[in-house]
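**Student:**
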Amino acid sequence: MSRWRITGGRVIDPAAGVDRITDLYLADGLVVALDTAPDGFEAERELDVTGQVVCPGLVDLSACLREPGHEHKASIASEAAAAAASGVTTLCCPPDTDPVIDTPAVADLITHRAAGVGLVRVHPLGALTQGLGGERLSEMAALKAAGCAGVTNLLHPIRDTQLLRHALAYAATFDLTVFLHPDEPWLRASGCVHEGEVSARLGLTGIPAVAETIGVARDLALVAHTGVRAHFCRLSTAAAVRLVAAARAEGLPVTADVSAHQLHLTEIDVSDYDSLCHVLPPLRTQRDRDALRAAVADGTVDAICSDHQPHEAEAKLAPLAETEPGISALETLLPLALRLVDDGLLDLPTALARLTCGPAAVLGGTAGTLHPGRAADICIFAPDRPWQVDPARLRSRGRNTPFAGWEFAPRVTHTLLGGELVFRLDAPA
Numbered sequence: 022m023s024r025w026r027i028t029g030g031r032v033i034d035p036a037a038g039v040d041r042i043t044d045l046y047l048a049d050g051l052v053v054a055l056d057t058a059p060d061g062f063e064a065e066r067e068l069d070v071t072g073q074v075v076c077p078g079l080v081d082l083s084a085c086l087r088e089p090g091h092e093h094k095a096s097i098a099s100e101a102a103a104a105a106a107s108g109v110t111t112l113c114c115p116p117d118t119d120p121v122i123d124t125p126a127v128a129d130l131i132t133h134r135a136a137g138v139g140l141v142r143v144h145p146l147g148a149l150t151q152g153l154g155g156e157r158l159s160e161m162a163a164l165k166a167a168g169c170a171g172v173t174n175l176l177h178p179i180r181d182t183q184l185l186r187h188a189l190a191y192a193a194t195f196d197l198t199v200f201l202h203p204d205e206p207w208l209r210a211s212g213c214v215h216e217g218e219v220s221a222r223l224g225l226t227g228i229p230a231v232a233e234t235i236g237v238a239r240d241l242a243l244v245a246h247t248g249v250r251a252h253f254c255r256l257s258t259a260a261a262v263r264l265v266a267a268a269r270a271e272g273l274p275v276t277a278d279v280s281a282h283q284l285h286l287t288e289i290d291v292s293d294y295d296s297l298c299h300v301l302p303p304l305r306t307q308r309d310r311d312a313l314r315a316a317v318a319d320g321t322v323d324a325i326c327s328d329h330q331p332h333e334a335e336a337k338l339a340p341l342a343e344t345e346p347g348i349s350a351l352e353t354l355l356p357l358a359l360r361l362v363d364d365g366l367l368d369l370p371t372a373l374a375r376l377t378c379g380p381a382a383v384l385g386g387t388a389g390t391l392h393p394g395r396a397a398d399i400c401i402f403a404p405d406r407p408w409q410v411d412p413a414r415l416r417s418r419g420r421n422t423p424f425a426g427w428e429f430a431p432r433v434t435h436t437l438l439g440g441e442l443v444f445r446l447d448a449p450a
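Heads up: take any position in the sequence shown, counting from 1, add 21, and you land on our numbering.
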């Protein structure tokens with residue numbers, strides 16, 4: 022492994038409270054020092070990044086890789102390349118593969134293939150119930166032993182609240198984090214957009230905000246009862262944010278994330294039946310969006326995630342209600358988060374905290390920091406290198422983005438994983 026000296030950059034490590042222009046030294050795949058080289062250190066490679074920002078590699082709590090089972094949409098190799106180009110060095114993949122990640126064998130398959138690609142660290146999430154069917158508990162201890170970062174049932178309903186109670190208690194026994202997608206499935210039903218004026222005008226079945234808040238309230242009651250460590254995924258409503266904030270104030274072991282697109286888009290963006298804005302949970306009102314932004318700023322929301330869901334073109338070509346939900350979002354994660362800085366809502370270290378140490382703390386690992394002795398997983402970006410989103414030029418196999426034509430200033434120029442350069446912007450694709 023190369024010994025690096027990275028010079029001239031603004032090093033920001035929110036976990037350590039570091040924000041200054043300084044040098045960074047790497048050896049044997051680890052960060053070995055900031056500011057001054059260790060005694061006897063001789064760099065084999067030097068990288069001058071004057072005028073750029075050097076931060077921990079981004080940690081994404083939700084990125085679908087589609088493999089195994091859905092390779093017509095994407096693959097581990099294609100999405101790992103997109104992650105590397107986005108400064109993401111650690112990601113969680115949800116368990117809705119085919120077969121579902123409900124056995125150690127499937128978890129091992131994914132981690133083995135990701136390690137073979139070598140561009141990003143992949144942590145699978147295991148299924149809370151077998152086959153995500155909501156009827157029988159999965160073997161959570163075995164899934165944890167296989168390296169699963171937590172367990173979840175995504176938006177697949179567990180109809181029996183008693184079973185959910187036992188599932189959370191079982192997860193608590195093995196010190197597993199449960200990733201909860203708050204939802205009341207009978208209220209969500211076949212809805213595809215937020216229930217409100219826009220859905221009524223378009224004649225589309227809506228999903229009321231209360232479908233999320235009822236789910237949050239129920240899950241919080243069970244978290245209090247079982248003591249499980251819970252992470253609330255993809256919050257989309259102001260009411261849900263208030264419930265989570267109150268639970269945290271009471272000392273419940275809960276964290277939360279929000280999708281980057283929910284911080285910028287609203288139900289208005291669906292007004293022309295744009296299937297690229299078909300997401301679950303749906304885009305909500307401007308008041309909800311502003312509440313989510315405030316929650317990111319005050320720390321109620323710990324992490325901003327991509328909620329990356331690459332699709333083949335045909336998946337978005339039917340009438341909106343019949344299309345598959347989701348956005349190809351890895352490559353817009355950092356610029357969308359940093360647009361909150363441009364909007365004056367966050368300072369740069371806080372924005373980066375929601376992409377690094379915040380999600381890393383949810384996983385409970387050692388990622389998300391440049392502290393000496395930790396893995397040299399590093400994102401370097403130019404804060405003022407303008408570019409425009411062109412779906413045809415995305416590295417992801419999924420070109421389904423509603424941000425086509427948007428102009429951003431920050432752009433990732435280098436990504437290092439374990440001290441090895443896995444992406445350089447000006448290198449041949």
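Note that the Cβ used here is the ideal one computed from N, Cα and C, for glycine as well.
Keep in mind it's a predicted model, so treat the numbers as computed, not measured.
(1) Are residue 303 and residue 231 close, meaning C-beta to C-beta below 7 Å?
(2) In whole angstroms, what separates the C-alpha of residue 351 from that of residue 377?
(3) Take the Cβ of residue 338 as the centre, count every other Cβ of all protein chains shown within 10 Å, and call the residue buried at 16 or more, exposed below.
(4) What's the gap between the Cα of residue 355 and the Cα of residue 255?
(5) Does residue 408 come out as helix, strand or coil in the three-state DSSP assignment?
(6) Suppose you measure from the CA of residue 50 to the CA of residue 402; what does that come to, to the nearest Å?
(7) Work out the CA separation of residue 27 and residue 68 for me, nearest whole Å.
(8) Taking 7 Å as the threshold (C-beta atoms), are residue 163 and residue 125 in contact?
(9) What is the rounded straight-line gap between the Cα of residue 73 and the Cα of residue 40?
(10) Within 8 Å, do at least three Cβ pairs link the stretch 388–406 to the stretch 430–450?
(11) Give the straight-line distance between the Cα atoms of residue 147 and residue 199, rounded to the nearest whole angstrom.
(12) Does the Cβ of residue 102 have 16 or more other Cβ atoms within 10 Å, making it buried, or fewer, making it exposed?
(13) Quick one, which of 211, 25, 54 and 131 has its alpha-carbon nearest residue 92's?
(14) Taking all protein chains shown into account, do 16 or more other C-beta atoms lie within 10 angstroms of the C-beta of residue 246, making it buried, or fewer, making it exposed?
(15) Do residue 312 and residue 397 have their beta-carbon atoms positioned less than 7 Å apart in this structure?
(16) Does DSSP put residue 131 in a helix, a strand or coil?
(17) Could you compute how far the alpha carbon of residue 314 sits from the alpha carbon of residue 412?
(18) Please classify residue 409 as buried or exposed, where buried requires at least 16 other C-beta atoms within 10 Å of its C-beta.
(19) By how many angstroms is the C-alpha of residue 134 removed from the C-alpha of residue 10?
(20) Using only the alpha-carbon positions, how far apart do residue 38 and residue 393 sit?
(21) So what does DSSP say about residue 184, is it helix, strand or coil?
(22) Using DSSP's beta-bridge definition, name the partner residues of residue 46.
(23) I'd like to know whether the C-beta atoms of residue 326 and residue 83 end up nearer to each other than 7 Å.
(24) Between the alpha carbons of residue 223 and residue 292, how many angstroms are there, rounded?
(25) What is the residue span of the beta strand (DSSP E) that residue 325 lies within?
(26) What is the DSSP secondary structure of residue 137, counted as helix, strand or coil?
(27) With DSSP collapsed to three states, give me the class of residue 298.
(28) Work out the CA separation of residue 294 and residue 340 for me, nearest whole Å.
(29) Can you list, in chain order, the residues of its chain with a C-beta nearer than 8 Å to that of residue 308? Leave out the 5 residues immediately preceding and following it.
(30) Relative to the C-alpha of residue 15, which residue among 25, 262 and 36 is closest?
(31) Look up residue 498 in the DSSP assignment and say whether it is helix, strand or coil.
(32) Just to confirm, are residue 55 and residue 47 a CB contact at a threshold of 7 Å?
(33) Please go through the same chain and pick out, in chain order, the residues whose beta-carbon is closer than 7 Å to the beta-carbon of residue 233, but skip the five residues on each side of it.
(34) Any idea if residue 166 is buried or exposed, counting beta-carbon neighbours within 10 angstroms, 16 or more meaning buried?
(35) Pick from 288, 238 and 282: whose alpha carbon is nearest that of residue 266?
(36) Measure the alpha-carbon distance for residue 363 versus residue 150 and round it to whole angstroms.
**Tutor:** So, from the listed chains and residues:
(1) no
(2) Near 14 Å, if we compare the C-alpha coordinates of residue 377 and residue 351.
(3) exposed
(4) 17 Å
(5) Three-state DSSP puts residue 408 in a strand.
(6) 20 Å
(7) If you take the alpha carbons of residue 68 and residue 27, they lie about 5 Å apart.
(8) yes
(9) 12 Å
(10) Short answer: they touch.
(11) 10 Å
(12) Its Cβ being crowded by 16 or more others within 10 Å, residue 102 is buried.
(13) 131
(14) exposed
(15) no
(16) helix
(17) 26 Å
(18) exposed
(19) The chain is shown only over 22 to 450; residue 10 falls outside these bounds and no answer can be derived.
(20) Cα to Cα, the separation comes out at about 14 Å.
(21) helix
(22) 26 and 54
(23) Yes, they are a contact pair.
(24) 7 Å
(25) Its beta strand (DSSP E) spans residues 324–326.
(26) helix
(27) helix
(28) 8 Å
(29) 259
(30) Outside the shown range of the chain, which is 22 to 450, sits residue 15, and nothing can be said about it.
(31) The structure shown does not extend to residue 498, since the chain spans only 22 to 450, so no value can be given for it.
(32) no
(33) Only 203, 204, 257, 258, 261 and 302 meet the Cβ criterion.
(34) Exposure of residue 166 is indicated by the presence of fewer than 16 other C-beta atoms within 10 angstroms of its C-beta.
(35) It is 238 whose Cα lies nearest to the Cα of residue 266.
(36) 42 Å
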